[in-house]
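Each position in the sequence shown, counted from 1, maps to that position plus 4 in the working numbering. Glycine included, C-beta positions come from ideal geometry on N, C-alpha and C. Owing to the predicted nature of the structure, the values given are computational and were not obtained by experimental measurement.
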Amino acid sequence: MVASSSHFTRNKLLTFSLLVLLSLFCFLLFNRSALDPRLRGISLISQIPAPLLVSRPPHSHNESDDTKQPISVSSNFEEKADANVTDASKVSEPEFPEDRNTEKTAPVSSKSDLDDEPTHKTSEPSVSLNEENEVPISSNSNLDDKDQKTSEPLDPSEPELSDEEKIALITPDSDSDDKNSMKSEEASVNMESLKKGAETGGLIDNAVAEKLRNCDMYSGKWVKDEGYPLYRAGSCPYVDEAFDCQSNGRPDSGYTQWRWKPLGCELPRFSATDFLVRLRGKRLMLVGDSMNRNQFESLLCLLREGLPDKSKMYETHGYKITKGRGYFMFKFEDYNCTVEFVRSHFLVREGVRVNAQGNSNPTLSIDRIDKTAARWLRADILVFNTGHWWTHGKTSRGKNYYKEGNYIYPKFDAVEAYRRAIKTWATWIKNNMSHEKLVFYRGYSSAHFRGGDWDSGGSCNGETEPVVQGAIIDSYPQKMTIVEEILKETRVQAVLLNVTRLTNFRKDGHPSVYGKNVTQFKKVSTRRQDCSHWCLPGVPDAWNELIYATLVARQT
Numbered sequence: 005m006v007a008s009s010s011h012f013t014r015n016k017l018l019t020f021s022l023l024v025l026l027s028l029f030c031f032l033l034f035n036r037s038a039l040d041p042r043l044r045g046i047s048l049i050s051q052i053p054a055p056l057l058v059s060r061p062p063h064s065h066n067e068s069d070d071t072k073q074p075i076s077v078s079s080n081f082e083e084k085a086d087a088n089v090t091d092a093s094k095v096s097e098p099e100f101p102e103d104r105n106t107e108k109t110a111p112v113s114s115k116s117d118l119d120d121e122p123t124h125k126t127s128e129p130s131v132s133l134n135e136e137n138e139v140p141i142s143s144n145s146n147l148d149d150k151d152q153k154t155s156e157p158l159d160p161s162e163p164e165l166s167d168e169e170k171i172a173l174i175t176p177d178s179d180s181d182d183k184n185s186m187k188s189e190e191a192s193v194n195m196e197s198l199k200k201g202a203e204t205g206g207l208i209d210n211a212v213a214e215k216l217r218n219c220d221m222y223s224g225k226w227v228k229d230e231g232y233p234l235y236r237a238g239s240c241p242y243v244d245e246a247f248d249c250q251s252n253g254r255p256d257s258g259y260t261q262w263r264w265k266p267l268g269c270e271l272p273r274f275s276a277t278d279f280l281v282r283l284r285g286k287r288l289m290l291v292g293d294s295m296n297r298n299q300f301e302s303l304l305c306l307l308r309e310g311l312p313d314k315s316k317m318y319e320t321h322g323y324k325i326t327k328g329r330g331y332f333m334f335k336f337e338d339y340n341c342t343v344e345f346v347r348s349h350f351l352v353r354e355g356v357r358v359n360a361q362g363n364s365n366p367t368l369s370i371d372r373i374d375k376t377a378a379r380w381l382r383a384d385i386l387v388f389n390t391g392h393w394w395t396h397g398k399t400s401r402g403k404n405y406y407k408e409g410n411y412i413y414p415k416f417d418a419v420e421a422y423r424r425a426i427k428t429w430a431t432w433i434k435n436n437m438s439h440e441k442l443v444f445y446r447g448y449s450s451a452h453f454r455g456g457d458w459d460s461g462g463s464c465n466g467e468t469e470p471v472v473q474g475a476i477i478d479s480y481p482q483k484m485t486i487v488e489e490i491l492k493e494t495r496v497q498a499v500l501l502n503v504t505r506l507t508n509f510r511k512d513g514h515p516s517v518y519g520k521n522v523t524q525f526k527k528v529s530t531r532r533q534d535c536s537h538w539c540l541p542g543v544p545d546a547w548n549e550l551i552y553a554t555l556v557a558r559q560t
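Dropping the structure here:
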């Protein structure tokens, strides 16, 4: 009985244990979903292989540290891409505010630069300059003189450049931009010119520059060169009709095939690409009379030859070059530079005096700088000239014309007036132009009239060869002696582009009767000929070759 009871108790305990185990199993089964994520994570971790221990290469100084440097538009990746881009319009660059303006309201003079009297009745808005920009010679030196009216109006639509824009035009870009521009330059430089080396243009080495610095480039002779002209006659759209002799019917072309050769050295062949590279980010401005416009058009044609895409060169206001307009600005997009012309017949102030009877008479203030000087300050390289207008009508007679301060001289010597005017200009340049700027004064360009002057029946038609001997070759105008004396006296930082003697030879280079279109059906008038200006292509191309040689010599 006792054994039976003990057996029953043991069975009962076993049953209870089985129930407990079954309950625990059910509990674990129904709660497995809560444990699955952790179990799955443990399973994945257990399947990851152990990493290999590999040494890191040394950090290169050329690599960019992405953890320290923010990503910008000038990243290394984009720099590599820009190296193959020759379209400079895709590269950020300072804008010229003039590009967005027009001169529609600017009055246009219809008179030629060779007319007897200058135009003085054009009204213009006054422009204020700081007092330090004036030549402190007379008390009546402010620019807003009511009795003074110039024939060259400043464009009222052209705003003053901001300080940031002025700095942008003078200060080089950042290092990264310099690298990009250098790569673009290398891609755009004419490789054929580079192969020919220093003698034929392209990039010029220091040895050539040193030789040019020690050479008198203005003493030499004209030599025949079948490689000339540097641009084909009639091909350049920027040549004024008055200088486009071949298109106007001039039958001979030999006058275009002469090259200026200094006695002591060889000028580097003109390279438009190299010239534009040196001009990158700068403004070159020619200031003067129609002779400088003649040179301005020559330079445009020369530089145009170096552009693969000629649509990247344009007049910023859309104007065609004419003698009636006094200001032009041509922009070269791929180089972010401009070449400009500013008309200033005398470099000093033209004005008008109204007498008691209400009649107006022109005056010339020889102690005051021209109003266009507001533009001069914006340029980096300037080429000035004045000369031929000093032989015209009232200028040469000097009666009630020349003015100093508020006093108008009843009679004044034109040569002395010229001397004082040049000194006014030189003093202004010295006081207002920084030494970083390059200033040229181009010398007097010889005229070749026979039997009279430009307005009295003088002629030069029929000339087809340069002068080889005679007094004209060694003639040197008094005006040039004055210029040399003033430059020495004032010690102004200016380069004398002394083209006088080299132009003495070239009696064959003038338009003569071919300043207008002449056909076989139209009678040629020989009464009034142009023996002062030059056909293009022609002599002014040599002046620009000398400017280029100067840039090379100075490594500008």
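Asked, Found
"Straight-line Cα distance separating P470 from W380", "36 Å"
"Straight-line Cα distance separating G402 from H514", "29 Å"
"R282 versus D457: straight-line alpha-carbon distance, rounded", "41 Å"
"Contact test: R558 Cβ vs the ligand FAD heavy atom, cutoff 6 Å", "Questions concerning the ligand FAD fall outside what the structure shown contains, since it holds no ligand whatsoever."
"Environment of I477 [buried if 16+ CB atoms lie within 10 Å]", "exposed"
"Nearest-angstrom beta carbon gap, S223 and P266 [assumed within contact, 8 Å]", "6 Å"
"Where M221 falls: helix, strand or coil (DSSP)", "coil"
"Local Cβ density within 10 Å of D417, reported as buried at 16 or more and exposed below that", "exposed"
"C-beta atoms of F274 and L311 nearer than 7 Å", "no"
"Buried versus exposed, by CB contacts within 10 Å (16 or more), L501", "buried"
"Contact set for R424: own chain, Cβ-Cβ below 6 Å, skip 5 residues either direction", "I370"
"For S369, the first and last residue of its enclosing beta strand (DSSP E)", "S364 to I373"
"Contact belief for E549 with L271 at Cβ below 8 Å, rounded distance in angstroms", "6 Å"
"Which residues DSSP lists as bridging W264, in chain order", "W226"
"First through last residue of the alpha helix (DSSP H) which encompasses C464", "Counting along the chain, C464 falls outside any alpha helix (DSSP H), and DSSP gives it neither H nor E."
"8 Å contact criterion, which T390 and L351 should meet: CB distance rounded", "5 Å"
"Pair within 7 Å by beta-carbon distance, R569 and D374", "In the structure as shown, the chain starts at 5 and stops at 560, and residue 569 therefore has no counterpart that could be examined."
"Simplified DSSP state of T320, which is helix, strand or coil", "coil"
"Closest residue to C464 among A475, V227 and S450 (Cα-Cα distance)", "S450"
"6 Å Cβ shell around P55 - same chain, five flanking residues per side excluded", "Below a pLDDT of 50, predicted positions are generally treated as unreliable, and P55, at 42, falls in that range; the measurement from the model is reported next regardless. Answer for P55: no residue qualifies."
"DSSP state of L351 mapped onto helix, strand, coil", "coil"
"Length of the line joining the Cα atoms of W547 and G461", "28 Å"
"Cβ pair T367, K407 closer than 7 Å", "yes"
"Where E354 falls, given that 16 or more other Cβ within 10 Å makes a residue buried", "buried"
"Distance, Y552 Cα to D220 Cα", "15 Å"
"Contact between the region 253-266 and the region 532-543 (3+ Cβ pairs under 8 Å)", "yes"
"Separation of R284 from A557, as counted between CA atoms", "18 Å"
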